[in-house]
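Right, one structure below, let's go through it.
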Amino acid sequence: MSTYTIGQTAERSGFSASALRYYEGIGLVAPAERSGSGYRLYDDASLDRLAFIARAKALGCSLEEITDLVGLWDGERCGPIQRTFHDLVTSKLAQTERQIVELTALADQFRHAARQLAGPATDGPCSERCACLAERVMTNRTRPFGGTG
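Residues 55 to 203 (our numbering) make up the sequence shown, in order.
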């Protein structure tokens, strides 16, 4: 069995040594053993676990979600992990698609406002005729600033 120091593990995994110590502290990963001097030694299974953690992080999973997934990892059966990971990723995909719709609508509003504001300014203070207030006046004459009351 090959073992790696925390520095070697950090280099191979892409996580910093301090992240590895933090992950050990919260139970995500543990060294396979300790050297006679007390140094952490990781093995290939630890690197696989860290690669899984990195993938989950890259897919936007929180540390709490990763902790739940890693709990399944300890069962050493891929099926439950894959099903749970699939459900989590599918949920994140749906959330991301909703955010895309919302952000697209917001971008449309920005484009519309930018077009309005690109025109010439009115003489004098802002009023119902100027582009600064045009949207408020067009969408809601009775409720200033888009309020509800």
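C-beta atoms are modelled at their ideal positions from N, C-alpha and C, and glycine is treated no differently.
In its chain, beyond the 5 residues on either side, Ala110 and Leu123 have a beta carbon closer than 8 Å to the beta carbon of Phe139. Pairwise C-beta distances place the stretch 127–147 out of contact with the stretch 169–186, as fewer than three of them are shorter than 8 Å.
The three-state reading of DSSP puts Tyr58 in strand, counting E and B together.
Sixteen is the threshold: when 16 or more other Cβ atoms of the shown chains lie within 10 Å of the Cβ of Ala64, as they do, the residue is buried.
Residue state for Asp177 is assigned as coil, using DSSP reduced to three classes.
DSSP places Leu82 outside any alpha helix (DSSP H), giving it a letter other than H or E.
Note that the C-beta distance between Leu95 and Arg88 is below 8 Å. For the 8 Å CB-CB criterion, Gly61 and Ala108 do not form a contact. When DSSP states are grouped into helix, strand and coil, Asp162 belongs to the helix group.
With a minimum length of 3 residues, the unbroken runs of beta strand (DSSP E) contained wholly in the stretch 82–149 fall at 94–97. Between Asp98 and Ala86, the alpha-carbon positions lie close to 9 Å from each other. Closest in alpha carbon position to Ala167, among Val155, Cys184, Trp127 and Glu156, is Cys184.
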